[in-house]
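Residues 1 to 120 (the UniProt record's numbering) are what the sequence shown spells out, left to right. Comments concern the structure below.
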Amino acid sequence: MIKPTPNPPETDPTSPYESLDSKKLNDAAERALDHYLKPSAFIMASTHKPEPMYLANPKYNTESLLANASETLGSASEMLNNFAAMLDTSHRKTALGIAQVVMLGELAVNQALDHVELKE
1 MIKPTPNPPE TDPTSPYESL DSKKLNDAAE RALDHYLKPS AFIMASTHKP
51 EPMYLANPKY NTESLLANAS ETLGSASEML NNFAAMLDTS HRKTALGIAQ
101 VVMLGELAVN QALDHVELKE
């Protein structure tokens, strides 16, 4: 009589820890998985500290914040101009319009920076 389904495959009854080589292989696999899937311990142990200016820190005065905003807006304007040079005409006009708005923001921040009185 013919069976409608084949026999299931035979499973290997050996444990991965029965021989020294398989234990070494398993340990190496565990180290590799820990290295790639658990990077948080390495990241948390880093000595890198974030720039406190970008935190809600009341120690920074208005002049420092405005100067940083001015530099950031100037960089954004320059990046937009460089990016616009790589675009075709219709998209270039849009990018240059955005760059102009950023430049106007930079001018406003620079004007505010000129009016800031230093507190000593």
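C-beta atoms are modelled at their ideal positions from N, C-alpha and C, and glycine is treated no differently. Predicted, not measured: the structure shown is a model, and the values here were computed from it.
Straight-line Cα distance separating P58 from M103:
27 Å
Through-space distance from Q111 to G97, alpha-carbon basis
21 Å
Which whole-angstrom value describes the C-beta separation of V109 and E63, a residue pair presumed to lie in contact below a C-beta threshold of 8 Å?
That pair is no contact at about 11 Å.
Quick check on E71: buried or exposed, where buried means 16 or more other Cβ atoms within 10 Å of its Cβ?
exposed
The alpha helix (DSSP H) spanning K93 covers which residue range?
89–115
Ordered along the chain, which non-local residues of its own chain (more than five positions away) have a Cβ less than 6 Å from that of A84?
R92, A95, L96
Rounded to the nearest angstrom, what separates T47 and Y36 at their Cα positions?
20 Å
Among the residues of its own chain, which have a CB less than 8 Å from the CB of A67, if the five just before and after it don't count?
L113
CB-CB under 7 Å to E106, same chain, minus the five flanking residues each way: which ones, in chain order?
S70, L73, G74, S77
Taking the alpha-carbon of A99 as reference, which of D88, N81, T89 has the nearest alpha-carbon?
N81
Do you know offhand how far V101's Cα is from N61's?
26 Å
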